[in-house]
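To start, the structure itself, in C-alpha cells.
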Amino acid sequence: MAFLIRFVVLALIIYLFYRLIRYVVDPKRKLDNALESGAYYFLDDVKNVQKNFFIALRGVLFEGEKYLGTTEHSFEVVSIFVWVEKPNQLQGFTKEDFHFLEKEILMNYPEARISWKNPIEQLMKQNG
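Each residue of the sequence shown is one higher than the last, beginning at -2 in our numbering.
Printed below as a string of C-alpha cells:
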C-alpha cells in the first residue's frame, strides 16, 4: 500500500512539472505577453501553410493568411494577406512599422507577395 501511495505522489509531481514546462514554453502565452507589454513577437508554424500566423507589435495583433503556389522550382508560399482585427489600434503606426513587418514576414517566406487589408493598404499606396 505504501508503495502505491509513493507511486501516485511521484506520478503527480512528474505531471505537475510537465504541465509547468508546457505552460512556460507555450507560444500562445508568449504572444499574449507580447501584446500586453507592447513587444514584438512572431507566432507561426512555418511547416503548416494552412495555419495563419500572428504578429504582436506595439500592443496590436496582426494576422496573416498564407497561400501556396508554384515558384520556378517548387511549391512555396507565394502570397500573404495581412490584416488587423481592430484597426482603431493602429493610431501612431507609420509606413516604417509596416515595412518592418514586411521584412520580418519575408525572412520566413522570401517568395511571397504581401497584401494588406484596408486601412493599411491605403497608407502603403500613398506616395512619400
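Built from N, CA and C at the ideal position, the CB exists for glycine as well.
Quiz item: According to the neighbour-count rule (16 or more other Cβ atoms, all chains shown, within 10 Å of its Cβ), is Tyr106 buried or exposed?
Solution: That one is buried.
Exercise. Within its chain, find whatever has a CB closer than 6 Å to the CB of Lys114; leave out the 5 residues flanking it on each side and keep chain order.
Key: For Lys114, where only same-chain residues beyond five positions count, the Cβ hits under 6 Å are Trp80.
Self-check item: Residues bridged to Val57 (per DSSP)
Solution: Within the DSSP secondary-structure output, Val57 pairs in a beta bridge with Leu54.
Self-check item: Any beta strand (DSSP E) of 3 or more consecutive residues that is wholly inside the stretch 6 to 79
Solution: Correct list: 38 to 40, 50 to 54, 57 to 67.
Self-check item: Nearest to Leu54 (by Cα), restricted to the options Lys63, Glu99, Pro116
Solution: Selected option, being the one with the closest Cα: Glu99.
Quiz prompt | Gln88 versus Asn45, Phe78, Val57, residue with shortest Cα-Cα distance | solution = Scanning Asn45, Phe78, Val57 for the CA closest to the CA of Gln88 turns up Val57.
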